[in-house]
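So the structure is just underneath, and the comments pick up after that.
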Amino acid sequence: MAHELENEDPIKLAEFQAKIDAEIKIEPKDWMPEAYRQNLIRQISQHAHSEVIGMQPEGNWVSRAPSLRSKKILMAKIQDEAGHGLYLYCAAETLGVSRDQYIQWLHEGKAKYASVFNYPSPTWADMGAIGWLVDGAAIVNQVSLQRTSYGPYARAMVRICMEESFHQRQGYEIMARLMEGSEAQRKMAQDALDRWWWPSLMMFGPHDSDSAHSSQSMKWKIKRESNDDLRQQFIDKTIPQAELIGLKVPDENAKWNAETNHYETSDIDWDEFWNVIKGNGPCNRHRLAHHIKAHKDGEWVRAAAQAFAMKQNNKLKIA
Amino acid sequence: MNTDLYKYTLRLADNSLILGHRLSEYISCGPFLEEDLALTNTGLDLLGQAEALLKYAAEQNGTVDEDYLAFGREEYEYANFHLVEYPNEDYGYLITRQFLMDVFNVVNYTLLKDSKDAMIASIAAKSLKEVTYHLRRSSEWMIRLGDGTQESHDKIQECVNHLWMYTDEMFDLDEVHERLQKEGIASDLSVIKKQWHAKVDEVFEIATIIKPELPKYSLVYGKDGGHTDFMGYLLAEMQFLKNRFPKEVW
Ligand SMILES: [Fe+2]
Ligand SMILES: [Fe+2]
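For the record, the sequence lines run as chains E and X. Going by our numbering, the first sequence opens with residue 1, and the numbers climb by one from there. Going by our numbering, the second sequence opens with residue 1, and the numbers climb by one from there.
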C-alpha cells in the first residue's frame, strides 16, 4: 500500500478513528489519514465517472424512443445522471484534486467507472432493464452510502437518492408496459432481463473475502455494508418484482429459502467479472473513446469561454 | 377542420420537435458536463412545446394522436424549417442553429401570446418563458465564441456563413400564413423579420460576427413539405420503432 498507516501520527489516527466510531462526519478541512483520502479519491471519482459514462448506453436510445412521453422521461433521466456526475465531481474536488485531473486519469485508464456500462443496449427494452436493474442496484448501494463517513460524499448521496427512485420506477414501468404488449415486446423484455441480470449483480463487486479495499473501508465507515449483504438486499427486492410482471430471472437455481428469509441464487461468473474490469468487455474501448472524443471536440469551446472570461476580467480591472 | 390552422399548428410543433430531437442526439457529446445538462434541458423544453402543439393538432385532426403525428408521418408531411433539421456537425453549428432559432421563437411567441386562437396563445405564453431563457444562453455563447479566441471567432463566423441561407424560410409569407395573419391567429411576419434582424444584429455586433449576404435559396421550404437530405436519416432513426412495430404501444 502506497500510504502506510504506520507513517501517520498515532494520536491523530486514534482521534480520527474515535470520531468515525462516534458517527461524526469527516469534513474536507479536518485531518485525515492519507490512505483515507486516497481511498475516497478513488471511490468518489469512480462513482462520478460511472454516472457520466452511464449516460452513453441510455443515450443510445434517446433518439429512437417510441413516444414523446418516453423520450422526455428518458432525457430527463439521463440529465439527472449528468447532474449526479456534477455533485460527485464537486464532492471529489474537496479532496484536493481538480475535475480536469480526474478526467485526465479516466482518459489515461488510471481511474475506473462501473463495469456494467461496458455492456451494449441493443433494444428499447434495455432502457427498461437499465433503469430497473442498474439504477435499482445503484440505489441499494447509495442508500447505504448516505451514512458514509465523509461529509461531502454522504450529502451528495442524499441528493442523488432522492432522484434514483424515479429512475428505477421509470425503468420498471418500461418493462411492465412491454409485458402487457405483444409477444415481440414480451420477448424483448425477457431478453433484456437476461442480458442485464448478471451484470447488475456484479455491480456490488467481488465477494467480501476477495475485495481489496473492503475491511479498511468498513473500519473507516466509507463502506457501511458488505458487498454480499447489499447484493442480497437487491436480489430479495428484485426477484418478486420480476415475477409480478411475468418475467423470470435467468438463473435455474433462484429460489426462496423460507428459513433464511432470502433468495438463493447461483454464484456469479467471476471470470466474466474480472475480464470486463480488465477492459475486455463488449464496449470498454468504445465508451472511453466516446468520452475522450467529446472532451477533445469541446476543447476549442472551453478555451474560448476561458479567453472571453479573462477579457471581461481585464475590462473590469481597467474600468 | 380549419386546414390553415392545422397546418400552422404543425409548423410550430415540428420546429420544436425536430430541434428537440437534434438536441437529444447530442446527449453525452457536450464540451463539458454543465453544458451537456443545459442543452438537454433546452431539448426537453422544446419537446414539451412540441407535445402541447401536436396534441392541439391531433385534436383538430380528430383521427390521430400526438404520437402518431410525431412518429408516424411521411417526410413531406413534416413542416419544420430546414434550419432545425441541420445536423449536429459540431458544437459551433449546434449553438448557431440554436441561436438563430431562439431569436425566432422569442419574437414569434411574444406576438403569438396575443393570438386570437386561445390555445395557440396559451401555449405561446408558456413557451415564451422557456425560449427567452434559451435565447439568453445561446446569445451568451455566440458572444463568448465570437469574442473568445481567434480560432473560436473564425469557427463561429463560418457556422453563421453556412447556416445563413436557411434563415430566409423564417420570413416567407405564403397564403396559409397570410389568411391566418389577417384573422389575428398567426404572427405578423414582417414584424418578426424586423425584430429578428434587430436582435441578431445586436448580438453579432458584440460578438464581432459579420452578417452574411443572403443567397437565393432554391429548395421547397420545410413548411411546404420540402426537406434537406438530412431529414430522411433523422426520421429513419426517430421513427424506427413505430415503423418496425406499427401497432404496439410503449
Ligand atoms: Fe445516478
Ligand atoms: Fe440513476
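Each residue gets a CB set at the ideal place from its N, CA and C atoms; glycine is no exception.
Apart from sequence neighbours up to five positions away, the residues of its chain that approach Gln-185 (chain E) with a beta-carbon distance below 6 Å are Leu-178, ordered along the chain. Remark: the shortest separation between the CB of Lys-77 (chain E) and any heavy atom of ligand 2 falls under 8 Å. Inter-residue distance for Lys-221 (chain E) and Ile-20 (chain E) is about 7 Å (C-alpha atoms, whole angstroms). DSSP, reduced to helix, strand and coil, places Tyr-263 (chain E) within a strand of the structure shown. Rounded to the nearest whole angstrom, the C-alpha separation of Tyr-133 (chain X) and Val-200 (chain X) is 16 Å. Assigned with DSSP and collapsed to three states, Asn-105 (chain X) falls in helix. In summary, the residues of the segment 293-311 of chain E whose CB is separated from some CB of chain X by less than 9 Å are Lys-293, Ala-294, His-295, Asp-297, Gly-298, Glu-299, Trp-300, Val-301, Arg-302, Ala-303, Ala-304, Ala-305, Gln-306, Ala-307, Phe-308, Ala-309 and Lys-311, in the order they occur in the chain. Residues His-213, Gln-216, Ser-217, Trp-220 and Ile-222 of the same chain have their beta carbon placed closer than 8 Å to that of Asn-39 (chain E), with the five preceding and five following residues left out of the count. Using a CB distance below 9 Å, no part of the segment 213-233 of chain X faces chain E.
With a beta-carbon spacing of about 22 Å, Gly-205 (chain E) and Gly-171 (chain E) fall beyond the 8 Å limit used to define contacts. In the DSSP assignment, Asn-257 (chain E) falls within the unbroken beta strand (DSSP E) covering 255-257. Taking a beta-carbon distance threshold of 9 Å, Leu-37 (chain X) counts as an interface residue toward chain E. Assignment of Ile-26 (chain E) by DSSP, reduced to helix, strand and coil, places it in the strand class. For a cut-off of 8 Å, the C-beta gap from Glu-66 (chain X) to Leu-54 (chain X) is around 4 Å, short enough to register as a contact.
For Lys-247 (chain X), the closest alpha carbon among the candidates X:Asn-161, X:Phe-71 and X:Phe-204 is that of X:Phe-71. Scanning chain E for C-beta atoms nearer than 8 Å to the C-beta of Asn-41 (chain X) yields Gln-79, reported in chain order.
Using beta-carbon distances, Pro-87 (chain X) does not count as an interface residue toward chain E, since no partner is under 9 Å. Between Tyr-133 (chain X) and chain E, the shortest Cβ-Cβ separation is not below 9 Å. The three-state reading of DSSP puts Tyr-172 (chain E) in helix, counting H, G and I together. Using a cutoff of 8 Å, the CB of His-197 (chain X) does not count as near ligand 2, since none of the ligand's heavy atoms is closer than that. Bounds of the alpha helix (DSSP H) holding Gly-85 (chain E) are 68-93. Sorting E:Asp-236, E:Ile-24 and E:Pro-10 by C-alpha distance to the C-alpha of Leu-133 (chain E) places E:Asp-236 at the top. Comparing alpha-carbon positions, the option among X:Lys-116, X:Lys-7 and X:Asp-147 lying closest to Trp-300 (chain E) turns out to be X:Asp-147. Contact annotation: Gly-96 (chain E) and Arg-147 (chain E) have beta-carbon atoms that are not nearer than 9 Å. The C-beta of Tyr-89 (chain E) comes closer than 9 Å to at least one C-beta of chain X. One Cα belongs to Asp-117 (chain X), the other to Thr-208 (chain X), and the distance between them is close to 40 Å. Here the C-alpha atom of Gln-239 (chain X) lies approximately 50 Å from the C-alpha atom of Pro-28 (chain E).
Nearest CB-CB separation between Glu-205 (chain X) and chain E: not below the 9 Å threshold. By the rule that beta-carbons nearer than 9 Å mark a contact, Val-62 (chain E) touches chain X. Residue state for Tyr-56 (chain X) is assigned as helix, using DSSP reduced to three classes. Within the same chain, and ignoring the five residues on either side of Leu-10 (chain X) in sequence, the residues whose Cβ sits closer than 6 Å to its Cβ are Ala-57 and Ala-79.
Per the coordinates, the alpha-carbon of Asp-14 (chain X) lies some 11 Å from the alpha-carbon of Gly-225 (chain X). Across the structure, Ser-266 (chain E) and Met-175 (chain E) are spaced so that their CA atoms are roughly 24 Å apart.
Tyr-150 (chain E) has E:Ile-26 as its beta-bridge partners, per DSSP. Short of 6 Å from the beta carbon of Tyr-166 (chain X), and not among the five residues preceding or following it, lie these beta carbons of its own chain, in chain order: His-82 and Leu-83.
Residue environment: Met-32 (chain E) is assigned as buried (16 or more neighbouring CB atoms within 10 Å of its CB, all protein chains considered).
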